[in-house]
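Worksheet for the structure shown next.
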Amino acid sequence: MTQERDDLMGRHTHRVLTDILSPRPSRRGFLQKAAALSTTILWPSSRGEAQAHTEAPYTPVFFTRDEYRLLEQACECLLPEDENGPGAQTLRVVPFIDHQMQTPYGHGARWYMHPPFQSGPPELGYQLPYSPRELYRTALHFLEHYCQKTYQKTFISLSRAQQEDILTLLEHNTLTLGDIPGVVFFEQLRSNTLEGAFSDPLYGGNHRMQGWIMLGFPGARADFMDWINQHGKAYPFGPVSIPIPHTERG
Numbered sequence: 383m384t385q386e387r388d389d390l391m392g393r394h395t396h397r398v399l400t401d402i403l404s405p406r407p408s409r410r411g412f413l414q415k416a417a418a419l420s421t422t423i424l425w426p427s428s429r430g431e432a433q434a435h436t437e438a439p440y441t442p443v444f445f446t447r448d449e450y451r452l453l454e455q456a457c458e459c460l461l462p463e464d465e466n467g468p469g470a471q472t473l474r475v476v477p478f479i480d481h482q483m484q485t486p487y488g489h490g491a492r493w494y495m496h497p498p499f500q501s502g503p504p505e506l507g508y509q510l511p512y513s514p515r516e517l518y519r520t521a522l523h524f525l526e527h528y529c530q531k532t533y534q535k536t537f538i539s540l541s542r543a544q545q546e547d548i549l550t551l552l553e554h555n556t557l558t559l560g561d562i563p564g565v566v567f568f569e570q571l572r573s574n575t576l577e578g579a580f581s582d583p584l585y586g587g588n589h590r591m592q593g594w595i596m597l598g599f600p601g602a603r604a605d606f607m608d609w610i611n612q613h614g615k616a617y618p619f620g621p622v623s624i625p626i627p628h629t630e631r632g
């Protein structure tokens with residue numbers, strides 16, 4: 383079942399994110415469409431680690447401290463806090479990504495990872511020899527190298543405008559990170575940012591369901607059929623997350 387779930391997660395996430403993210407939407411449009419991600423199937427984080435309402439500081443498991451801090455700022459550039467609601471850091475997007483790197487998804491367990499690895503048309507999908515965790519580690523290394531070479535600074539020392547300029551270069555595929563096309567890493571980061579912001583808190587992100595509250599999404603309520611056809615009318619009850627199984631509680 384876990385292998386089937388991994389395949390389903392990849393197909394569903396790609397389909398939803400392609401619709402949400404291309405072309406780059408406004409913040410308002412981004413939030414309106416991102417509710418679709420609530421149905422994305424995700425891997426649970428390590429047992430007992432992804433408590434929905436913990437306030438304890440997060441210690442990364444996969445990412446180094448420097449990688450973690452870089453990702454915090456990069457994800458905040460993609461989903462900044464503003465008058466519409468919290469940003470990536472408040473929603474704990476990077477803890478979510480860090481958790482996912484420990485799962486079969488992070489290891490590319492169900493991906494075909496044998497050569498030859500050749501460039502191909504977009505409809506053939508991902509063609510690189512890197513699992514998600516390898517993609518992050520390699521891309522972040524070359525991204526930091528680019529910042530040092532171009533600005534003589536680390537990514538986190540750059541101004542927000544400079545950070546956004548770099549992400550724009552990646553999005554437009556005019557910056558290559560080693561043998562990784564910039565747009566491949568950009569799409570990976572943007573997809574995981576959305577998942578971390580709007581998935582169930584069980585998986586480590588969407589802290590205190592603030593992403594759902596921002597969208598007015600009811601979450602994992604058992605029954606809200608009476609409200610499905612009441613278009614334009616706000617749902618009057620707050621969201622509910624998936625309960626953490628008793629055997630996984632700390």
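So the sequence shown is numbered by the working numbering: it starts at 383 and just counts up by one.
Ideal Cβ placement from N, Cα and C applies to all residues, glycine included.
Given the structure is predicted, the values throughout are model-derived calculations rather than measurements.
What span of residues does the alpha helix (DSSP H) with residue i cover, start to end?
i	result
K531	P514 to Y533
T575	G564 to F580
H496	From DSSP, H496 is part of no alpha helix (DSSP H); its letter is neither H nor E.
F478	V475 to Q482
T550	R542 to E553
Helix, strand or coil: which one does DSSP assign to residue i?
i	result
I624	coil
L559	strand
G593	helix
D464	strand
Q414	Residue placement at Q414 cannot be trusted, given a pLDDT of 49 that sits under 50; the coordinates are not used to answer.
My assumption, with CB atoms under 8 Å, is that residue i sits in contact with residue j. Please give the rounded CB distance.
i	j	result
P477	Y440	5 Å
Y533	T520	21 Å between Cβ atoms; not a contact.
F444	Q484	6 Å
For residue i, count the other beta carbons within 10 Å of its own beta carbon; 16 or more makes it buried, fewer makes it exposed. Which is it?
i	result
I548	buried
N466	exposed
Q447	According to the sequence displayed, residue 447 carries Arg and not Gln. Answer is exposed; the Cβ neighbour count stays below 16.
M607	exposed
L506	exposed
G614	exposed
D401	Caution is warranted here: a pLDDT of 43 is assigned to D401, below 50, making its placement in the model unreliable, and the coordinate value is therefore given only provisionally. It is exposed - the Cβ of D401 has fewer than 16 other Cβ atoms within 10 Å.
G578	buried
T575	buried
T527	The identity of residue 527 in the sequence shown is His, whereas the question assumes Thr. By the 10 Å Cβ count, H527 comes out exposed.
S501	exposed
*Sufficient close CB pairs (3 or more, under 8 Å) joining the segment 467 to 476 to the segment 446 to 458*: yes
_the segment 611 to 623 / the segment 584 to 603 touching (three or more Cβ pairs under 8 Å)_ = yes
*Taking 8 Å as the threshold, find out whether the segment 457 to 466 comes into contact with the segment 542 to 559 through three or more Cβ pairs.*
yes
*Taking one C-beta from the segment 514 to 529 and one from the segment 488 to 496 each time, how about it: are there three or more such pairs within less than 8 Å?*
yes
*Counting pairs of Cβ atoms below 8 Å between the segment 521 to 528 and the segment 548 to 563, do you hit three or more?*
yes
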